[in-house]
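Residue numbers (my numbering): 3 to 85.
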């Protein structure tokens, strides 16, 4: 159950950071604040070092995974419009 909570917090925080990185305008900062809020809530629930380190590293990993999939999606979209 604990691992599932860490996993879900990481997915949510990485998704918010990913959306923050791809959109323009002032509304992007709402996603940044959302990621900060999720991080604060996580650090309130888990007070030991192990889960906190796992949260940070896994969030970074998921952020890069989201970015790679988005880059692949954009490449496929550009290929389809070039044909």
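Think of the CB as a built atom: it goes at the ideal place given N, C-alpha and C, for glycine as much as any other residue.
Item: Whole-angstrom distance between residue 76 and residue 11, CA atom to CA atom; Value: 27 Å
Item: Classification of residue 8 by the beta-carbon crowding that lies within 10 angstroms, buried from 16 upward; Value: buried
Item: Residues of its chain near residue 38, where Cβ-Cβ distance is below 6 Å and the 5 sequence neighbours each way are ignored; Value: none
Item: Pairwise C-alpha distance: residue 45 and residue 6; Value: 15 Å
Item: Touching by the beta-carbon criterion (3+ pairs, under 8 Å), the stretch 26-33 and the stretch 50-61; Value: no
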